[in-house]
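Single-structure report; data block below.
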Ligand code: C2O
Ligand code: CU
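Numbering (full-length UniProt numbering), first residue to last: 46 to 502.
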């Protein structure tokens, strides 16, 4: 048999990550992948779609038969999905019923500073705050998550994350798989204790050995033998995901902030925390009645470990297409300003240019309208990445080599391996004001690897 005897123990798990997760009573790939519900607006008018979300502690069944206390948006783990349309404003009232301050950030959103969920703009316990999202930007797989000061890491880990999928007319006219064939998939890792609880130990990546796909380990998803669009998000605090299908390849059509210029066929995807890949998988190429797995690999040629099983069933008709031309990307402009950044740990301090986050300090004063080139070096033996609020950027090169096509589109988060230097360019021509930029390994940002940019005239 494949089951070990069950482990009945009432000892608390050690906090060093050496404990193995509790044994599941179900065989892997025997639970359906949860689909995050699309939230309905409470009201619509000529101005906007209005949503109301309550943040609260609830319970989720991460492991079968066990209930895990989690933090949720509107009761869902992971959070519900908001679907927005370019040119139409979304207004979200967030009510905080947790016992601690929160702040809600729309990751990838071009929003005014007061609506950005800045760590210093918290919603107190019992309080509420209304965020306004103009959606004056291209279709993209955005997401919203907690950003409370020094606590975003634990809050996101405990569940405060949801998709925000922005659609627009040009994207709709492409005829990509849509409706129920456009599926958000949130991937993260976690350390589960003996009672199924989420164990949060800051900076303890080795302990987070359980991969959750839309909130559960090892789910299956039944797919028609046709094309699907998947919005893959790495929502892990610190884990990197190198993904591959057990057979075949992904057609990557978009990255963090929108569609690529052209589809990019690739065997592997590599996502650091916060990054998204918009992909199409054509299941008509697989045997009906069979399955194909989404796998994670530790390194480029490591053994693929399945994390999600697609079960292929007959399809009716598939009118969807993936056109050869997807979008016209704006040209990468020549920089007005060039800056250097260094990501480095010093003891327990996680720093950018030698300093930890101080919300009262402006680290980078940006002139509105400028294009800046940031040369960002990871001076650590560990991996980092960099996320800029507000702006989209383009990756110019990585250690002098051009980015691969999957990284050459519109980005807001970029991985930076140990010792690597990544050059990126952004044009600051939307909102003015103070925004943060930070490593999106949230345990690092919570420990200071975050800084302030002030965009002004
Ligand atoms: Cu997704 Cu400042 O973060
Ligand atoms: Cu980092």
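No residue lacks a Cβ here, since even glycine has one placed at the ideal position from N, Cα and C.
- Scanning the region 146 to 221 for uninterrupted alpha helix (DSSP H) segments of 4 residues or longer gives 197 to 202, 214 to 218, listed from N- to C-terminal end.
- Look at residue 319: its beta carbon is less than 7 angstroms from one of the heavy atoms in the ligand C2O.
- The nearest non-hydrogen atom of the ligand CU is 7 angstroms or more from the C-beta of residue 386.
- Between residue 376 and residue 451, the alpha-carbon positions lie close to 17 angstroms from each other.
- When DSSP states are grouped into helix, strand and coil, residue 130 belongs to the strand group.
- As a beta-bridge residue in DSSP terms, residue 336 pairs with 356.
- A direct Cα-to-Cα measurement between residue 500 and residue 456 gives close to 19 angstroms.
- Around residue 146, the same chain offers 167, 169, 193 as residues with beta carbons nearer than 6 angstroms, after the five sequence neighbours per side are excluded.
- Spatial neighbours of residue 200 in its own chain (CB-CB distance under 7 angstroms, excluding positions within 5 residues in sequence) are listed in chain order as 116, 147, 191, 193.
- For the options 351, 269, 483, the alpha carbon positioned closest to that of residue 152 is the one of 483.
- In chain order, the residues that have a beta carbon nearer than 6 angstroms to some heavy atom of the ligand CU are 429, 484, 486, 489, 494.
- Partner residues in the beta bridge of residue 102, as assigned by DSSP, are 116.
- A distance criterion of 7 angstroms places the beta-carbon of residue 152 in contact range of the ligand C2O, judged by its closest non-hydrogen atom.
- Collapsing the DSSP output to three states places residue 432 in a strand.
- A distance below 6 angstroms between beta-carbons, with the five flanking residues on each side excluded, links residue 356 to the following residues of its chain, in chain order: 265, 267, 336.
- Beta bridge pairing from DSSP links residue 361 with no other residue.
- Assignment of residue 236 by DSSP, reduced to helix, strand and coil, places it in the coil class.
- Residue environment: residue 255 is assigned as buried (16 or more neighbouring CB atoms within 10 Å of its CB, all protein chains considered).
- Cβ neighbours of residue 233 within its own chain (closer than 6 angstroms, five residues either side excluded): 257, 280, 281.
- Beta-bridge annotation (DSSP): residue 138 is paired with 97, 175.
- The criterion of a C-beta distance shorter than 8 angstroms is not satisfied by residue 253 and residue 204.
- For residue 489, the enclosing alpha helix (DSSP H) stretches over residues 487 to 491.
- Assigned with DSSP and collapsed to three states, residue 330 falls in helix.
- Residue 351 and residue 106 have their C-alpha atoms some 21 angstroms from each other.
- Residue 490 and residue 329 have their C-alpha atoms spaced approximately 42 angstroms apart.
- According to the DSSP assignment, residue 272 belongs to the beta strand (DSSP E) that extends over 272 to 279.
- Take residue 86, set aside five residues on each side of it, and the residues of its chain with a beta-carbon closer than 6 angstroms to its own are 94, 95, 96, in chain order.
- DSSP links residue 250 through a beta bridge to no other residue.
- Its Cα nearest to that of residue 290, the residue 324 stands out among 269, 307, 189, 324.
- Rounded to whole angstroms, the separation of the alpha carbons of residue 429 and residue 81 is 29 angstroms.
- A buried status is given to residue 228, since no fewer than 16 other beta-carbon atoms sit within 10 Å of its beta-carbon.
- Residue 423: member of the beta strand (DSSP E) spanning 416 to 423, first to last residue.
- Distances from the alpha-carbon of residue 236 to those of 225, 251, 223, 224 put 251 closest.
- In this structure, the C-beta of residue 192 approaches the ligand C2O to less than 7 angstroms from one of its heavy atoms.
- By the beta-carbon neighbour count (other beta carbons within 10 angstroms, threshold 16), residue 392 is exposed.
- For the 8 angstroms CB-CB criterion, residue 310 and residue 296 form a contact.
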